Every structure is written in structure tokens, then in C-alpha cells.
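To start, the structure under review is shown below, and the notes come after it.
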Amino acid sequence: MIKLMKRVLCFLIFGSFTMNTYSQTIDWVLLYENVTSGFEDIDINASSMFMAGTIRPNGQPWAGHSVSGYGYQDGVLCKADTAGNINWVRVAGSVSGEKARFVRYHNNMLYLAGNVINWSGNSIMRIGSSQWSIPPFPSVTNGYVVQMDTSGNVNWIHFVPSDVQSSEIDAAGNAYASCSDSYRTYLYKFSSSGAQLFEKYISEKRYPCLLSTDPSGNIFLGINFSDSIVFFGNLYTGFGSSDILLSRLDVNGNPLSAVVIGGAGLDALSYIKHTANNNILITGVWVDTVQCNNVTISGTGNRHFIAALDPNLSFVMWNDREFRIPSHYITNTPNGNSILSDNGRYYISLNFEDTLIAGVDTLIGKRFGGYYGNGCVASFDAALNLLWYRTLAESSNPGYNTGHASVWIRPVGNRIYLSGQMMEQCIIDGISYNPSNNYHAFTALLTDTFQMSVGISEIRDGSADDWIVYPNPARDVFTVKLGHSYLSSTIQLADQTGRTLFFQKAELNLSHINMKNYPDGIYFMRINERTKKIVLMR
Numbered sequence: 003m004i005k006l007m008k009r010v011l012c013f014l015i016f017g018s019f020t021m022n023t024y025s026q027t028i029d030w031v032l033l034y035e036n037v038t039s040g041f042e043d044i045d046i047n048a049s050s051m052f053m054a055g056t057i058r059p060n061g062q063p064w065a066g067h068s069v070s071g072y073g074y075q076d077g078v079l080c081k082a083d084t085a086g087n088i089n090w091v092r093v094a095g096s097v098s099g100e101k102a103r104f105v106r107y108h109n110n111m112l113y114l115a116g117n118v119i120n121w122s123g124n125s126i127m128r129i130g131s132s133q134w135s136i137p138p139f140p141s142v143t144n145g146y147v148v149q150m151d152t153s154g155n156v157n158w159i160h161f162v163p164s165d166v167q168s169s170e171i172d173a174a175g176n177a178y179a180s181c182s183d184s185y186r187t188y189l190y191k192f193s194s195s196g197a198q199l200f201e202k203y204i205s206e207k208r209y210p211c212l213l214s215t216d217p218s219g220n221i222f223l224g225i226n227f228s229d230s231i232v233f234f235g236n237l238y239t240g241f242g243s244s245d246i247l248l249s250r251l252d253v254n255g256n257p258l259s260a261v262v263i264g265g266a267g268l269d270a271l272s273y274i275k276h277t278a279n280n281n282i283l284i285t286g287v288w289v290d291t292v293q294c295n296n297v298t299i300s301g302t303g304n305r306h307f308i309a310a311l312d313p314n315l316s317f318v319m320w321n322d323r324e325f326r327i328p329s330h331y332i333t334n335t336p337n338g339n340s341i342l343s344d345n346g347r348y349y350i351s352l353n354f355e356d357t358l359i360a361g362v363d364t365l366i367g368k369r370f371g372g373y374y375g376n377g378c379v380a381s382f383d384a385a386l387n388l389l390w391y392r393t394l395a396e397s398s399n400p401g402y403n404t405g406h407a408s409v410w411i412r413p414v415g416n417r418i419y420l421s422g423q424m425m426e427q428c429i430i431d432g433i434s435y436n437p438s439n440n441y442h443a444f445t446a447l448l449t450d451t452f453q454m455s456v457g458i459s460e461i462r463d464g465s466a467d468d469w470i471v472y473p474n475p476a477r478d479v480f481t482v483k484l485g486h487s488y489l490s491s492t493i494q495l496a497d498q499t500g501r502t503l504f505f506q507k508a509e510l511n512l513s514h515i516n517m518k519n520y521p522d523g524i525y526f527m528r529i530n531e532r533t534k535k536i537v538l539m540r
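When the count follows my numbering, it moves up by one through the sequence shown with no breaks and lands on 540 for the last residue.
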């Protein structure tokens with residue numbers, strides 16, 4: 003029996019007397035109030051969470067700690083237990099708008115990277131009681147990479163010419179950072195003891211550059227570029243106005259291979275990550291038909307993609323069927339991160355502006371022209387088939403505003419730790435957070451649940467608010483049983499393009515959807531417009 007309750011999204015896989023259900027639940031949410039703040043990254047070990055972001059100290063206690071700053075806005079690093087209770091806080095800043103953007107835990111050490119402002123050319127960077135003179139660079143916005151112990155004491159710091167766009171740690175504890183100023187794009191590598199191992203000029207222009215590493219120290223770069231790019235002295239030409247360059251470098255930062263992914267539209271990468279199965283996982287948006295080497299991926303519209311490539315940068319698998327973006331928001335590529343968990347599933351976060359279309363769902367962040375968005379979390383199986391998705395925040399007034407909450411994730415098995423920022427009141431699983439509509443950091447725990455039932459032949463009577471779906475493989479039919487409060491409801495079935503295939507007003511408590519006339523694929527079903535959908539896979 004499958005019993006679909008409010009705010010639990012279930013996925014039914016149609017097969018021979020077998021039905022799998024996938025769902026998720028929010029275990030807890032902690033909001034850190036009093037002080038304007040927000041998290042942009044999270045990492046974990048067996049007993050602790052580490053969050054990096056921004057804070058604007060105002061003399062008030064924050065998360066149970068006294069905090070003081072150095073300018074208008076500072077970077078912040080926190081250590082918390084796995085229930086979100088913060089143990090200590092470190093503020094990193096100088097004279098103006100600093101950020102801490104990346105945090106990594108490795109071998110009992112923490113690595114923090116972000117940006118710092120050097121207005122006068124000789125400003126001071128401070129973290130706790132430690133301080134350093136910032137070297138003069140052509141740009142006033144510079145970056146930093148810091149190694150600390152797990153008590154927040156700094157071991158070493160390096161400054162780079164511009165704000166850090168991406169940062170990673172390899173298995174040996176070497177730290178990497180990419181950045182770009184007005185003159186060129188750079189790649190840096192620092193040893194675990196703090197020595198600078200190399201500085202590479204990737205290109206003589208400024209490009210957004212994302213990076214990841216494998217355990218051996220090979221480096222994978224993803225760059226968004228327009229028209230053409232000179233990469234390590236070699237010219238690469240794109241397919242349209244915006245394309246993606248993926249490359250592989252050796253441990254010394256020397257290029258080994260590179261490919262261009264794109265088409266005639268605005269194609270953009272949002273995240274890159276080497277995974278435990280030795281693939282390169284990328285996410286982003288591509289438009290219409292795209293190409294990479296001899297692979298052509300056909301499609302229409304602005305599709306969010308998740309794709310895996312092997313170390314030689316050849317496509318292994320991809321999924322661009324699940325999420326779409328309205329054309330007028332295509333320049334706002336959803337950001338977020340994507341990770342292969344040790345339970346074999348892929349998890350992604352999608353922080354989108356205004357609107358994201360998921361199947362027949364239109365997920366709305368702020369309907370009336372606001373720039374706010376919302377955070378969406380999704381799970382995929384080992385073959386990149388979508389299992390479930392959910393927005394973190396729900397609307398208090400459906401069809402109007404949804405509280406903005408950006409989300410970054412770090413999964414451990416089926417436990418997905420979240421961090422981010424709420425920018426207004428958010429309702430999560432019926433509970434209201436941040437009613438003051440201020441900018442506050444938060445953490446949360448989401449659990450991915452899995453259950454299998456075999457040999458389904460009957461269901462029990464549900465309550466008035468239940469509705470139950472079960473398959474009959476022998477007849478190729480899905481049966482929907484409704485509690486009496488759902489009588490006179492509408493039952494709809496749609497394909498992945500949103501086209502309605504089946505529409506029926508339920509006059510009896512049993513309805514049947516005959517699937518014989520439909521090809522194998524994924525279909526979306528709703529009970530009433532405002533009821534959460536289920537996904538039927540035939």
C-alpha cells in the first residue's frame with residue numbers, strides 16, 4: 003500500500019508486481035536570528051558541520067555567541083554539531099564587503115576561501131586575533147585561502163588577485179583556488195603545509211572558472227565563455243553566444259585535454275565535481291540542441307542538466323528532462339551544488355530566480371517581478387533518473403510569494419545536511435520561520451527515505467484525507483482510491499512536456515488510468531491543482 007501524505011513526495015515505479023516509493027522528510031531546521039547573515043557552503047565530518055558565509059555584526063549575540071566585525075560585511079566560519087548547534091564562530095574581514103564562500107574539511111584541517119576588499123592597497127585582513135597585510139593587486143577585490151585547525155586557529159593564509167570563484171582540496175590536502183581579475187584568469191595550488199606550488203595563467207581574459215580535483219591531484223576545470231577562448235595558448239571556438247569549456251589538467255597544472263559543450267543558445271555551467279566513481283559530474287543549463295565532440299544532445303528550450311563524464315571528458319550519461327527555465331530568466335542560471343553520496347544517489351541543490359518548471363509543476367520564488375528565488379533539492383539514482391524533488395520553502399499564499407531560501411547541500415548516506423539563507427518569511431513543512439522578513443542564515447537536515455513493497459494486491463480503507471495509488475501490472479492500469487473528502491476532485495495525467503493526457507472528475511472513490519495507449523516513460527499525476535503530484539514511471 004502506498005499512502006501519500008501531505009508534503010511527502012512519492013515516486014511509483016511500474017513493474018511486475020513491484021512498487022518502489024521514494025520520499026523525503028525535513029527532520030529539523032535551525033534559523034540563526036538577530037544578525038544579518040547567510041551561508042554559502044557546508045562541509046561535514048563524523049560529528050560536526052562547518053558552514054561558511056557572510057555576516058553583518060550589529061552588537062547582538064548570534065547563534066549563542068558574541069560576534070564583532072571589521073567592516074560593513076565580513077566572512078564567517080562556524081563549527082556546529084550535527085544538530086546545528088554552533089560551537090564556535092570565526093569572523094574574517096577587512097574594511098568592507100568580505101565573504102567566506104567555500105569551506106572544506108580534510109584530515110582534521112579546515113580550508114576556507116573567499117574574498118576581501120583592499121581599498122587603500124595596504125588594508126589589513128583579520129581572522130579572530132590574527133591579522134595580515136593584504137598585498138597590493140591591480141584589483142581592489144582580492145581573494146584568500148586559509149588553513150585552520152578544527153578549533154578555528156589559523157595555520158597559514160595566501161592572498162590571490164581577485165575573489166575566489168571556486169576552491170577544492172585533493173586527497174593529499176593540497177588546496178586549489180581559481181579566480182579572475184580584469185586582466186586574466188588564474189589557477190593556484192598550495193600544499194597542505196602552506197607552500198605555493200604553482201600560479202597558472204589560464205587565459206588572458208576574465209572568465210568564470212569552476213574546478214574540482216580527483217584523489218590523485220588531477221584538476222578538472224569548467225569555464226563559461228562567449229564566442230571563443232584562448233586557453234593555455236590554444237584557441238577554442240564555441241557554438242553560440244555562450245558555451246562551456248571543460249578541461250583536464252595534470253597534477254602540475256598542465257593541460258591534458260579540453261572539450262567545448264554548447265549550441266546556438268546561452269549554455270552555462272553552474273557546478274563541477276569529481277565523484278567517487280571516477281566520473282566528472284556537471285550541472286547547469288543548456289538551450290535547444292547542444293554538442294560535445296561526436297555527441298549531439300537534442301532538445302528544445304532552456305533545460306537544466308545533470309551529466310556525468312569520464313576522466314577523458316566523454317559523456318557517460320545525462321538527464322535534461324526534469325527542470326526547465328522560462329526564456330526570460332535564462333541569464334540567471336540556477337546555482338547550487340551536486341554530489342554523489344555514499345548511498346549511490348546523486349543529490350543537487352538548485353537556487354533559482356523567480357521561476358523553475360519541474361514537469362507540470364511551476365515552482366515560484368517571487369511572482370511579481372522580485373529578484374528573490376527559492377531553493378530546490380532533488381535526488382537522482384545511479385543512472386541519473388529523477389527520484390524526487392522539493393522546494394525548501396512553501397508559499398503561505400499559493401500562486402503568489404514563496405519565501406526565499408537559498409540552499410547548499412552535503413549528503414552523508416541518506417542524510418542531506420542543508421545550509422543557506424532565508425531572505426523573508428519561509429514556511430517549511432507547515433512551520434513558519436523568519437516572520438520578521440530579515441536575512442538570516444539557517445541549517446537543516448533532510449532525510450531521503452526508501453521503501454519497497456512486493457506483490458501488492460489490495461489496499462485498506464483510508465481516512466477521509468487519504469488518497470492511495472497502486473499499480474495493476476497485469477492490466478497495465480494504475481488505480482486511484484480516494485478518501486470521501488476527495489470525491490468530486492479532478493484527476494489529471496500529463497507527460498513531461500506538461501501536455502494533459504487524461505482528465506477525469508472523480509465521482510466514485512475508485513478511478514482507473516489505462517496506460518496501454520501510452521509509451522514507456524515518466525508521467526505526472528495530480529489530485530486537484532494544489533495537491534502535490536506523484537510521478538508514475540511506466
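For each residue, glycine too, the CB sits at the ideal point set by N, CA and C. A quick note: this is a predicted structure, and the numbers were derived from the prediction, not measured.
For residue i: DSSP bridge partner residues
i: Y2; result: Residue 2 is absent from the structure shown; the chain starts at 3 and stops at 540.
i: E201; result: Y190
i: Y34; result: A443
i: L342; result: Y348
i: Y273; result: T285
i: L448; result: I28 and I418
i: D83; result: S50
i: N337; result: N353
i: S434; result: I429
i: E396; result: I429
i: Q506; result: I493
i: G40; result: T56
i: R305; result: W288 and R326
i: N321; result: I308
i: G77; result: T56 and A94
i: Q423; result: S408 and A443
i: V297; result: C294
Integer Cβ distance of residue i from residue j, believed to fall under 8 Å
i: T298; j: T27; result: Actually they are not in contact, since the Cβ atoms of T298 and T27 sit about 40 Å apart, beyond 8 Å.
i: G590; j: G77; result: Coverage of the chain is limited to positions 3 through 540, which leaves residue 590 absent and any answer about it impossible.
i: S272; j: N337; result: 5 Å
i: V414; j: L394; result: Not confirmed; about 19 Å, so no contact.
i: E170; j: L237; result: At roughly 27 Å, the Cβ-Cβ gap does not stay under 8 Å, so E170 and L237 are not in contact.
i: I225; j: C211; result: 5 Å
i: W320; j: L386; result: 7 Å
i: Q133; j: A177; result: Wrong, their Cβ atoms sit about 21 Å apart, outside the cutoff.
i: H514; j: Y34; result: Not a contact, Cβ separation roughly 50 Å.
i: I57; j: G71; result: 7 Å
i: G40; j: Q423; result: 3 Å
i: L268; j: S300; result: Not confirmed; about 18 Å, so no contact.
i: V156; j: Y435; result: Incorrect: roughly 33 Å between the Cβ atoms, too far for contact.
Nearest candidate by alpha-carbon position, reference residue i, set the options
i: N220; options: T302, L251 and T239; result: L251
i: K81; options: G99, G346, G55 and T481; result: G55
i: G265; options: V69, N279, S39 and F227; result: F227
i: L388; options: L248, Y146, R323 and Y178; result: R323
i: S316; options: R305, C294, H306 and H514; result: C294
i: A110; options: S49, S164 and P59; result: Looking at the sequence provided, one finds Asn at residue 110 rather than Ala. For the residues S49, S164 and P59, the minimum Cα distance to N110 belongs to S49.
i: H108; options: S184, P217, L311 and Q198; result: P217
i: I46; options: R58, M517, V69 and A85; result: A85
i: S544; options: S132, L199, P63 and G123; result: The chain is shown only over 3 to 540; residue 544 falls outside these bounds and no answer can be derived.
i: D520; options: Q423, L503 and L512; result: Sequence check: residue 520 is Tyr here, not Asp. Per the Cα distances, L503.
i: N144; options: S243, I136 and W288; result: I136
i: T364; options: R392, F505 and V156; result: R392
i: V69; options: M51, M424, V37 and Q494; result: V37
i: H471; options: F526, S340, N321 and N345; result: A quick correction: the sequence has Val, not His, at residue 471. Comparing Cα positions, the closest option is F526.
i: G523; options: D229, I119, K507 and L495; result: L495
i: S340; options: I515, D290, I284 and T291; result: I284
i: T445; options: N87, W64, F233 and G61; result: N87
i: S343; options: R412, L79 and V292; result: R412
i: S184; options: H160, Y209, A173 and R106; result: Y209
i: S180; options: S205, G303 and N436; result: S205
i: T277; options: A173, S300 and L268; result: A173
i: I159; options: A94, F139, I433 and T187; result: A94
i: F480; options: T449, L448, M517 and Q198; result: M517
Contact with chain C by residue i, beta-carbon distance below 9 Å
i: I171; result: Here chain C cannot be found, since the structure has a single protein chain.
(message) Runs of 3 residues minimum, wholly inside the segment 93-172: which ones carry the beta strand (DSSP E) assignment?
(response) 101-108, 111-119, 126-129, 132-135, 143-151, 156-162 and 166-171
(request) Could you name each continuous alpha helix (DSSP H) segment of 4 residues or more that falls completely within the segment 203-267, going from the start of the chain to the end? (result) none
(request) Count the CB pairs spanning the segment 177-192 and the segment 122-129 that are closer than 8 Å, and state whether there are at least three. (result) no
(request) May I ask you to verify whether the segment 243-260 touches the segment 349-356, counting CB pairs closer than 8 Å and requiring at least 3? (result) no
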